[in-house]
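Colleague: Residue 553 is where the sequence shown starts when you use the working numbering, and the numbers rise one by one after that.
A single structure is presented below for examination.
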Amino acid sequence: MTIAEIISKIKPPTVIHHFPSDVIKMIGNESVDFLQRITTNDFTGFTEGKIQKTLLVTDKGRIIDTVWLIHRNDHLLMLTSSGMAAETISWLNKYIIMEDIILSDITNEFEINLHFMTTDNFYCSDYFGFPVSFELKEHSVNESTKFSNTFEQWRIENGIPKVKKELVQDFNPLELNLWSWISFTKGCFIGQEVIARLDTYNKIQRTLCKFSATERVNEQELLLDENGTEIGKITSVIESDNKFIGLSVVRVKFAIEQQTLKSKDSNVTVRIDRVFQKEAYERN
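Structure follows, in C-alpha cells:
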C-alpha cells in the first residue's frame with residue numbers, strides 16, 4: 553500500500569468536542585500591535601471576528617507553542633496547546649513593558665469544539681493545513697478530552713506536531729515544516745533574525761519525518777545511521793496495526809523515504825515512510 557493510499561484511509565474526524573486547548577484572554581488597545589511585534593505571523597488587518605494562527609518562538613528561533621488568536625472586539629482570545637496557558641502568559645509578560653495589556657487564564661470558562669469543515673457560524677481557520685472551524689461555548693462544564701489513538705494515528709500520518717513532543721525548544725519551526733505560520737515579509741519579531749538566516753542561507757539541518765517499525769521503540773530515543781552516528785530523535789510513537797509508527801526529527805541528509813535507521817536504546821530498525829518538507833505546504 554502506498555503512502556497516499558494509507559493517508560486517504562485516515563480521514564480527520566468530523567468534530568472534536570472539548571478540544572484540548574487552554575484559553576488566554578488579552579485585554580488592551582495595544583494587543584494587536586504587540587502580537588505583530590512578538591509573534592511570527594502578520595496581524596495587519598486583524599479586526600473583530602477574525603482568527604489568525606501564529607507561533608511563539610524564543611529569541612533563538614526555538615518553538616514555544618502554536619497558537620490561534622480570535623478578535624472579539626474589546627478583547628482577544630489566544631488558544632494555546634493544552635496545559636500551556638501559564639507558561640505562555642509568563643513568556644508574553646517578559647515582553648510587556650509599557651503596553652496596556654492584561655493577560656488572564658480563562659480556560660475553565662470555555663468549551664472548544666473543533667469542526668473539520670468551515671462554517672460562517674464559527675471562527676474559520678486551518679489546523680495544520682486542514683480547513684477547520686473553532687466553536688467556542690462559554691460556561692464550559694470543564695470536561696477534558698484526550699486525543700484518541702485514531703486521531704494520533706491521523707496526526708502522525710500527516711506530520712502534525714504536538715506540544716511537549718515536537719513542539720519543544722529543541723527544534724525551530726522550519727524543521728517542523730511550519731512555514732505557513734510565519735510571515736517572511738512583515739518585518740521583525742522575536743526570533744526573526746535566526747529564522748530568516750536559516751531560510752536565506754539554506755541552513756535547515758533537520759526535518760520532520762514519519763517512520764514505522766515492526767518492534768517497539770520509545771519517544772526521545774536517538775536514531776543512528778549505519779556507522780552509529782546520532783542523526784535524529786524519535787518524538788512521537790503509537791502502536792497501529794501490529795506495528796509502531798511515529799514522528800522523528802532527522803538530519804536532512806538522512807531524511808529520505810525508505811531510508812532505514814537504528815534506534816539507539818532499543819536497537820530496532822526504523823524506516824522513514826514520509827518526509828515533511830516545505831514543497832508540500834503553503835508559505836507566507
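Cβ coordinates follow ideal geometry from the N, Cα and C atoms, glycine included.
#1: So, is A638 buried or exposed, given that buried needs 16 or more other C-beta atoms within 10 angstroms?
#2: State whether the stretch 815 to 826 contacts the stretch 725 to 742, with contact taken as three or more CB pairs (one from each stretch) at a distance under 8 Å.
#3: Might you give, ordered along the chain, the residues of its own chain that have their beta carbon closer than 7 Å to the beta carbon of S677, omitting 5 neighbours on each side?
#4: Do I712 and Y679 have their C-beta atoms closer together than 9 Å?
#5: Can you tell which of L628, T671, R758 has its C-alpha closest to the C-alpha of K785?
#6: Out of C761, T737, K762, point me to the one whose CA is closest to D751's CA.
#7: Below 6 Å CB to CB, which residues in the same chain sit around T632 once its five sequence neighbours on both sides are set aside?
#8: Hey, how far is the Cα of G595 from the Cα of A748?
#9: Taking the alpha carbon of E651 as the reference point, which residue from E690, M630, D585 has its own alpha carbon closest?
#10: Quick one: using the 10 Å Cβ neighbour count with 16 as the cut-off for buried, is A832 buried or exposed?
#11: Report all residues from its chain with a CB closer than 7 Å to the CB of T659; omit the five preceding and five following residues, and keep chain order.
#12: Indicate whether G743 and K612 have their beta-carbon atoms separated by less than 9 Å.
#13: Within the stretch 614 to 657, note down every full alpha helix (DSSP H) run reaching 4 residues or more, in order along the chain.
#14: Let's test the definition: count the other Cβ atoms within 10 Å of the Cβ of M669 and tell me whether it reaches 16, buried, or not, exposed.
#15: Using C-beta distances below 6 Å, list every residue in its chain close to L813, excluding the 5 sequence neighbours before and after it, in chain order.
#16: According to DSSP, simplified to helix, strand and coil, what is K805?
#17: Taking DSSP as the reference, what is the three-state secondary structure of P598?
#18: Do E771 and S792 have their C-beta atoms within less than 9 Å of each other?
#19: Taking DSSP as the reference, what is the three-state secondary structure of R589?
#20: Starting from the C-beta of S818, find all residues in its chain whose C-beta is less than 8 Å away, skip the five residues before and the five after it, and write them out in chain order.
#21: Mind checking which residues open and close the alpha helix (DSSP H) that includes R707?
#22: Which stretch, first to last residue, makes up the beta strand (DSSP E) that contains Q604?
#23: What does D574 pair with, by DSSP beta-bridge criteria?
#24: If I follow the unbroken alpha helix (DSSP H) through R749, where does it start and stop?
Modeller: Put simply:
#1: As a first step, residue 638 must be located in the sequence shown, where it is residue number 86. Result: exposed.
#2: no
#3: As a working mapping, residue 677 is identified with position 125 in the sequence shown. Only I603, K605, W620, V684, F686 meet the Cβ criterion.
#4: The residue labelled residue 712 in the question sits at position 160 within the sequence shown. The residue labelled residue 679 in the question sits at position 127 within the sequence shown. Cβ atoms of I712 and Y679: closer than 9 Å.
#5: As a first step, residue 785 is located in the sequence shown; it is residue number 233 there, counting from the start. Nearest C-alpha to K785: R758.
#6: Sequence index remark: in the sequence shown, residue 751 carries index 199 (1-based). Comparing Cα positions, the closest option is T737.
#7: On the sequence shown, residue 632 is found 80 positions in, with the first residue counted as 1. Excluding positions up to five away in sequence, the list reads D574, D617, V619, T640.
#8: Reading the sequence shown from its first residue, position 43 is the one you call residue 595. Reading the sequence shown from its first residue, position 196 is the one you call residue 748. Looking at the sequence shown, residue 595 is not Gly but Phe. Going by the C-alpha atoms only, they are around 19 Å apart.
#9: Here the question's residue 651 lines up with position 99 in the sequence shown. Out of E690, M630, D585, D585 has the C-alpha closest to the C-alpha of E651.
#10: In the sequence shown, counting from the first residue as 1, residue 832 sits at position 280. Since pLDDT at A832 reaches only 45, below the 50 mark, its modelled position is unreliable, and the value read off the structure follows with that caveat. It is exposed - the Cβ of A832 has fewer than 16 other Cβ atoms within 10 Å.
#11: Locating residue 659 in the sequence shown gives position 107, where the first residue counts as 1. Taken in chain order, the residues that qualify are D574, V575, A637.
#12: Numbered from its first residue, the sequence shown carries residue 743 at position 191. Numbered from its first residue, the sequence shown carries residue 612 at position 60. Yes. Within cutoff.
#13: 637 to 645
#14: By one-based count along the sequence shown, residue 669 stands at place 117. Exposed.
#15: Sequence index remark: in the sequence shown, residue 813 carries index 261 (1-based). Within the same chain, L813 has close Cβ partners L775, V822.
#16: Here residue 805 corresponds to residue number 253 of the sequence shown, with the count starting at 1. Of the three classes helix, strand and coil, the one that applies to K805 here is helix, per DSSP.
#17: What you label residue 598 is simply residue 46 of the sequence shown in a count that begins at 1. Inspection of the sequence shows that residue 598 is occupied by Phe rather than by Pro. Three-state DSSP puts F598 in coil, outside helix and strand.
#18: The count along the sequence shown starts at 1 and reaches residue 771 at position 219. The count along the sequence shown starts at 1 and reaches residue 792 at position 240. No, they are not a contact pair.
#19: One-based indexing of the sequence shown puts residue 589 at position 37. Here R589 sits in helix by DSSP.
#20: Here residue 818 is taken as the residue at index 266 of the sequence shown, counted from 1. Contacts found: E767, R768, V769, N770, E773.
#21: Counting from 1 along the sequence shown, the entry for residue 707 is found at position 155. Counting along the chain, the alpha helix (DSSP H) containing R707 begins and ends at 701 to 709.
#22: Here residue 604 refers to the residue found at position 52 of the sequence shown. Taken as a continuous stretch (DSSP letters only), the beta strand (DSSP E) holding Q604 covers 603 to 609.
#23: For the purposes of this step, residue 574 is taken as the residue at position 22 of the sequence shown. Beta-bridge pairing links D574 to T632.
#24: As a first step, residue 749 must be located in the sequence shown, where it is residue number 197. Per DSSP, R749 belongs to the alpha helix (DSSP H) from 744 to 752.
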